[in-house]
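Trainee: These protein sequence lines are chains F and U, in that order. All residue numbers for the first sequence refer to our numbering, where the first residue is 156 and numbers rise by one. All residue numbers for the second sequence refer to our numbering, where the first residue is 87 and numbers rise by one. Even glycine gets a Cβ: it sits at the ideal position worked out from N, Cα and C. Have a look at the structure that comes next, please.
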Amino acid sequence: MELIYFDHISGTPLHPLVKEVMIKYIEEGGFGNPSSQHRIGDAAIETLEDARTKVSALINAKPEEIVFTSGGTESVNHAIKGVAFARAKKGKHIITSNIEHQSVSRTLRVLMGMGYQVTAVPVDRYGMIDPSDVEKAIRDDTILVTIMHANNEIGTIEPITEIGKITRGRGVLLHTDAVVSCGNIPVDVEEMNVDLLSMAANQFYGPPGVGALFIKEKTPIYPLIDGGTQENNKRAGTQNLIGIVGMAKAAELARLDMPTRTEHLLSLKRYFLERVKGIDDIVINGHPEKSLPGLVSFSVEYVEGESMMIMLDEKGICVSTRSACASGSLRASHVLIAIGSDYATAQGTLLFSFGIDNTKAQIDKAFDVLKDTVAFLRSISPLYKKK
Amino acid sequence: MQYSETVMEHFKSPKNIGRIENPDGIGEVGNPVCGDMMTITIKVKDDRIEDIKFETFGCGAAIAVSSMVTEMAKGKTLEEAMKITNKSVAESLGGLPKNKLHCSNLGADALHKAIMDYYNRKEGKPKEPKQFEKVEYIEKKEAGCHCPYCDAELSEPAPFCKRCGKPIPQEK
Numbered sequence: 156m157e158l159i160y161f162d163h164i165s166g167t168p169l170h171p172l173v174k175e176v177m178i179k180y181i182e183e184g185g186f187g188n189p190s191s192q193h194r195i196g197d198a199a200i201e202t203l204e205d206a207r208t209k210v211s212a213l214i215n216a217k218p219e220e221i222v223f224t225s226g227g228t229e230s231v232n233h234a235i236k237g238v239a240f241a242r243a244k245k246g247k248h249i250i251t252s253n254i255e256h257q258s259v260s261r262t263l264r265v266l267m268g269m270g271y272q273v274t275a276v277p278v279d280r281y282g283m284i285d286p287s288d289v290e291k292a293i294r295d296d297t298i299l300v301t302i303m304h305a306n307n308e309i310g311t312i313e314p315i316t317e318i319g320k321i322t323r324g325r326g327v328l329l330h331t332d333a334v335v336s337c338g339n340i341p342v343d344v345e346e347m348n349v350d351l352l353s354m355a356a357n358q359f360y361g362p363p364g365v366g367a368l369f370i371k372e373k374t375p376i377y378p379l380i381d382g383g384t385q386e387n388n389k390r391a392g393t394q395n396l397i398g399i400v401g402m403a404k405a406a407e408l409a410r411l412d413m414p415t416r417t418e419h420l421l422s423l424k425r426y427f428l429e430r431v432k433g434i435d436d437i438v439i440n441g442h443p444e445k446s447l448p449g450l451v452s453f454s455v456e457y458v459e460g461e462s463m464m465i466m467l468d469e470k471g472i473c474v475s476t477r478s479a480c481a482s483g484s485l486r487a488s489h490v491l492i493a494i495g496s497d498y499a500t501a502q503g504t505l506l507f508s509f510g511i512d513n514t515k516a517q518i519d520k521a522f523d524v525l526k527d528t529v530a531f532l533r534s535i536s537p538l539y540k541k542k
Numbered sequence: 087m088q089y090s091e092t093v094m095e096h097f098k099s100p101k102n103i104g105r106i107e108n109p110d111g112i113g114e115v116g117n118p119v120c121g122d123m124m125t126i127t128i129k130v131k132d133d134r135i136e137d138i139k140f141e142t143f144g145c146g147a148a149i150a151v152s153s154m155v156t157e158m159a160k161g162k163t164l165e166e167a168m169k170i171t172n173k174s175v176a177e178s179l180g181g182l183p184k185n186k187l188h189c190s191n192l193g194a195d196a197l198h199k200a201i202m203d204y205y206n207r208k209e210g211k212p213k214e215p216k217q218f219e220k221v222e223y224i225e226k227k228e229a230g231c232h233c234p235y236c237d238a239e240l241s242e243p244a245p246f247c248k249r250c251g252k253p254i255p256q257e258k
């Protein structure tokens, strides 16, 4: 059975060239500690700093503004808690949106238990934040605004540049969770006016378990992990160089190949959308234009998402019902409820996220299975009959 | 895969799907809001369940439970069928993942409701008015109460979320 992977939002496969540099690094030693003061340590430093330069180039940052982490979740935790603790004397108010990933919302919930106050701005029916809502929410004691660059469930790209102009003007720090956007769409920290930005390698064909946090020079922030002086005193612990080497190669490829990748992904998305719109009672979620190129979220009325997902999996087609991190939860997606989807429709949502290796032939095959699955599940649904 | 082989078999090729025309009893439970809704219709002859069919909106477990409970009840006397429990349905399926156990509750509940409906009709009692469960109740049953807008945990049922200020829907 041919496996068709349409779940790149949960993690992208390793690019062959990324795999190659990682294996080469392991074969050539692959154990040096950049903190050692002998020649093996020196070689490791060189590898590390070369990787830092490549990752910084992807987001137009300076190499010294990049801190390597264990992935997107650590980066987000570091950014939010690090700033909250460093600026606690100035204030304890943080602004966010109501469609953030759990790594943001759960972190904020922990801070709320410690006496911090959080304001969540709403989104419109496309999941778009109005920058003026952020401006209105800013108080004298606001220390941080944390708003995602692109949403991981519906793909909508938020107006971070406009929000950044506001936060700069008001002297408030801005963090953006760019985990699903970075490496897939242009990200420029200068243009976006952000102070902190989280990213993960396994969203752009790098390995899982490695990510980075951009921290603009002079940003007040505490480390999340204390210990040695690694990462310019910002993140203790010996670096995961095998992962970092892979992330650097992936970042380099993402920067160079982005136009061709985007074109390919957009053509797959358009091709799939044309077909899926042919099924009756389908709702396409997210912004029609300002959206991630490879992601389609759609709700199938009268059926439930998990049953569709498992039936597709039985035929070798891997998709997801919502963010992988939330799939254990049975509650309707908070993102879909925030954009005004009703609970029953939200339960029937599937997420197709395409990658650079996918083809139109795979979409044809998956669509045939999807059509049959929807027809079967609707035939046994009490809601469809009642229509 | 989180489901047992038996669950997968019943999910992929469910038995007794559909709706009996002019049934002797109807049992409807669940609510699309929480992602599960089940309708069981029965035909009764000489106090025995002669035919039984289901329609389900729900996850893989809910569909497998519906199929299994109808298989277990088919041909049984009404008294025997009333003894089918949520637990025995889950056991016959080779177990269910913890977070899906509530789906098995729907199966036996729908069956028992259909049988009660049959008795009520026989005695000429008026049909029970259709009732929907409250959202709040479902969320509490799972992992505490959460604001559906900002995902903040709510320590107690409240008309508004303390964090984002949006009204919490009490029922749908």
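Beta-carbon within less than 8 Å of R105 (chain U)'s beta-carbon, same chain only, minus the 5 sequence neighbours each way: which residues are those?
Mentor: Residue mapping note: residue 105 (chain U) aligns to position 19 of the second sequence, counting from 1. For R105 (chain U), where only same-chain residues beyond five positions count, the Cβ hits under 8 Å are T125, T127, K139, E141.
Trainee: Against V175 (chain U), what residues of chain F qualify as contacts under a CB-to-CB distance less than 9 Å, listed in chain order?
Mentor: Numbered from 1 along the second sequence, position 89 holds the residue referred to as residue 175 (chain U). Per Cβ cutoff of 9 Å: no residues; V175 (chain U) is ~18 Å from chain F at best.
Trainee: Pull out every residue of the stretch 105-139 of chain U whose Cβ sits closer than 8 Å to any Cβ of chain F, in chain order.
Mentor: If the cut-off is 8 Å between Cβ atoms, the stretch 105-139 of chain U has R105, E114, P118, V119, C120, G121, D122, M123, M124, T125 near chain F.
Trainee: List, from N- to C-terminal side, the alpha helix (DSSP H) runs of 4 residues or more that fit wholly inside the stretch 170-202 of chain F.
Mentor: The stretch 170-202 of chain F contains these whole alpha helix (DSSP H) runs: 171-182.
Trainee: Tell me which same chain residues have a C-beta within less than 6 Å of the C-beta of I315 (chain F), skipping the five on either side of it?
Mentor: Here the question's residue 315 (chain F) lines up with position 160 in the first sequence. The answer, listed in chain order, is H304, T331, M347.
Trainee: Please go through the same chain and pick out, in chain order, the residues whose beta-carbon is closer than 8 Å to the beta-carbon of S178 (chain U), but skip the five residues on each side of it.
Mentor: As a working note, residue 178 (chain U) is residue 92 in the second sequence. Within the same chain, S178 (chain U) has close Cβ partners T92, M154, M158.
Trainee: Can we say the stretch 169-180 of chain F touches the stretch 401-410 of chain F, given the rule of at least three CB pairs closer than 8 Å?
Mentor: Enough Cβ pairs lie closer than 8 Å, so yes.
Trainee: Using the rule of at least 16 other Cβ atoms within 10 Å of the residue's Cβ for burial, across every protein chain shown, is K216 (chain U) buried or exposed?
Mentor: What you label residue 216 (chain U) is simply residue 130 of the second sequence in a count that begins at 1. Any reading at K216 (chain U) needs caution, since the residue's pLDDT is 48, under 50, leaving its predicted position unreliable; the model's value is listed next. Flag for K216 (chain U) reads exposed.
Trainee: Quick one: residues in its chain with C-beta nearer than 6 Å to the C-beta of K445 (chain F), no 5 flanking neighbours on either side, listed in chain order?
Mentor: Within the first sequence, the letter at position 290 stands for residue 445 (chain F). The residues are I312.
Trainee: Identify each residue in the stretch 440-464 of chain F for which the Cβ-Cβ distance to at least one residue of chain U is less than 9 Å, and report them in chain order.
Mentor: The residues in question are Y457, V458, E459, G460, E461, S462, M464.
Trainee: Give the DSSP-derived three-state secondary structure of M158 (chain U) in the structure shown.
Mentor: Translated into positions along the second sequence, residue 158 (chain U) becomes position 72. Three-state DSSP puts M158 (chain U) in a helix.
Trainee: Inspect the beta-carbon positions of N339 (chain F) and G187 (chain F) and report whether they are closer than 9 Å.
Mentor: Against the first sequence, residue 339 (chain F) aligns to sequence position 184. Against the first sequence, residue 187 (chain F) aligns to sequence position 32. Against a cut-off of 9 Å, the Cβ pair of G187 (chain F) and N339 (chain F) comes out as no contact.
Trainee: Examine the Cβ distances between the stretch 510-529 of chain F and the stretch 431-447 of chain F and report whether three or more of them are shorter than 8 Å.
Mentor: Cβ pair count under 8 Å is three or more, so yes.
Trainee: In chain F, which residues lie less than 7 Å from G146 (chain U) when you measure between Cβ atoms?
Mentor: Counted from its first residue, the second sequence places residue 146 (chain U) at position 60. Here the neighbours are E461, S462, I465.
Trainee: For V524 (chain F), does the three-state DSSP call read helix, strand or coil?
Mentor: In the first sequence, the residue the question calls residue 524 (chain F) occupies position 369. Helix at V524 (chain F).
Trainee: From what residue to what residue does the beta strand (DSSP E) around T331 (chain F) run?
Mentor: As a position in the first sequence, residue 331 (chain F) is number 176, starting the count at 1. First-last of the beta strand (DSSP E) with T331 (chain F): 328-332.
Trainee: With a 10 Å radius around its C-beta and 16 neighbouring C-beta atoms as the bar for buried, classify Q256 (chain U) as buried or exposed.
Mentor: Counted from its first residue, the second sequence places residue 256 (chain U) at position 170. Residue placement at Q256 (chain U) cannot be trusted, given a pLDDT of 49 that sits under 50; what the coordinates show is reported in the next sentence. With fewer than 16 other Cβ atoms within 10 Å, it is exposed.
Trainee: Consider the Cβ of D435 (chain F): report whether some Cβ of chain U lies at a distance smaller than 9 Å.
Mentor: Along the first sequence, one-based indexing puts residue 435 (chain F) at 280. False, the Cβ-Cβ gap to chain U never drops below 9 Å.
Trainee: Evaluate contact between the stretch 225-242 of chain F and the stretch 368-380 of chain F, counting only Cβ atoms and requiring at least three cross-stretch pairs below 8 Å.
Mentor: At 8 Å Cβ cutoff, the stretches touch.
Trainee: Within its chain, find whatever has a CB closer than 7 Å to the CB of I321 (chain F); leave out the 5 residues flanking it on each side and keep chain order.
Mentor: By 1-based counting over the first sequence, the position of residue 321 (chain F) is 166. Closer than 7 Å at the Cβ level, and outside the excluded window around I321 (chain F), lie P286, V289, E290.
Trainee: In terms of residues, what are the limits of the beta strand (DSSP E) holding F240 (chain F)?
Mentor: On the first sequence, position 85 is the one that residue 240 (chain F) refers to. Where F240 (chain F) is concerned, there is no enclosing beta strand (DSSP E), although the alpha helix (DSSP H) it sits in stretches over 227-241.
Trainee: Going by DSSP in three states, S488 (chain F) sits in which element: helix, strand or coil?
Mentor: For this step, residue 488 (chain F) is matched to residue 333 along the first sequence. Looking at S488 (chain F) - three-state DSSP - the assignment turns out to be coil, as it is neither helix nor strand.
Trainee: Could one say the Cβ of E290 (chain F) lies closer than 9 Å to chain U's Cβ atoms, at least one of them?
Mentor: Locating residue 290 (chain F) in the first sequence gives position 135, where the first residue counts as 1. Closer than 9 Å: no.
Trainee: For Y160 (chain F), does the three-state DSSP call read helix, strand or coil?
Mentor: Counting from 1 along the first sequence, the entry for residue 160 (chain F) is found at position 5. In this structure, Y160 (chain F) counts as strand in the three-state DSSP scheme.
Trainee: Taking contact to mean 3 or more Cβ pairs, one atom from each stretch, closer than 8 Å, check whether the stretch 272-281 of chain F and the stretch 238-252 of chain F are in contact.
Mentor: Short answer: they touch.
Trainee: Report all residues from its chain with a CB closer than 6 Å to the CB of P218 (chain F); omit the five preceding and five following residues, and keep chain order.
Mentor: The residue you call residue 218 (chain F) lines up with position 63 of the first sequence. Here the set comprises R207, T208, S211.
Trainee: Select from the stretch 157-169 of chain U all residues with a C-beta closer than 7 Å to any C-beta belonging to chain F, and list them in chain order.
Mentor: Under the 7 Å Cβ criterion, the stretch 157-169 of chain U contributes no residue.
Trainee: Going along the chain, which residues of the stretch 497-508 of chain F sit with their C-beta nearer than 7 Å to a C-beta in chain U?
Mentor: Cβ contacts with chain U come from Y498, A499, Q502.
Trainee: Residues of chain U with a CB under 8 Å from the CB of K131 (chain F): which are they?
Mentor: Residue 131 (chain F) lies beyond the range of chain F shown here (156 to 542); nothing can be said about it.
Trainee: Can R207 (chain U) and K162 (chain U) be called in contact, C-beta distance under 9 Å?
Mentor: Against the second sequence, residue 207 (chain U) aligns to sequence position 121. Against the second sequence, residue 162 (chain U) aligns to sequence position 76. No, the pair does not count as a contact, with Cβ atoms beyond the cut-off.
Trainee: Can the beta-carbon of L197 (chain U) be found closer than 9 Å to that of G113 (chain U)?
Mentor: One-based indexing of the second sequence puts residue 197 (chain U) at position 111. One-based indexing of the second sequence puts residue 113 (chain U) at position 27. Yes, Cβ-Cβ distance for L197 (chain U) and G113 (chain U) is below 9 Å.
Trainee: In chain order, what residues of the same chain have a beta carbon less than 7 Å from the beta carbon of E219 (chain U), not counting five sequence neighbours either side?
Mentor: As a working note, residue 219 (chain U) is residue 133 in the second sequence. Confidence at E219 (chain U) is low in this model, with a pLDDT of 39, below 50, so its placement is unreliable and no value can be given for it.
Trainee: I465 (chain F) and G146 (chain U) - do their beta-carbons sit closer together than 9 Å?
Mentor: Along the second sequence, one-based indexing puts residue 146 (chain U) at 60. Along the first sequence, one-based indexing puts residue 465 (chain F) at 310. Cβ distance < 9 Å, so G146 (chain U) and I465 (chain F) count as in contact.
Trainee: Consider the Cβ of I201 (chain U): report whether some Cβ of chain F lies at a distance smaller than 9 Å.
Mentor: Reading the second sequence from its first residue, position 115 is the one you call residue 201 (chain U). I201 (chain U) does not count as touching chain F.
Trainee: By alpha-carbon positions, which one of F:V300, F:E308, F:G310 ends up nearest to E317 (chain F)?
Mentor: As a position in the first sequence, residue 317 (chain F) is number 162, starting the count at 1. Checking every option, the nearest Cα to that of E317 (chain F) belongs to F:V300.
Trainee: Taking only beta-carbon atoms, is I535 (chain F) less than 9 Å away from chain U?
Mentor: Here residue 535 (chain F) refers to the residue found at position 380 of the first sequence. Taking Cβ atoms only, chain U reaches closer than 9 Å to I535 (chain F), which makes this a yes.
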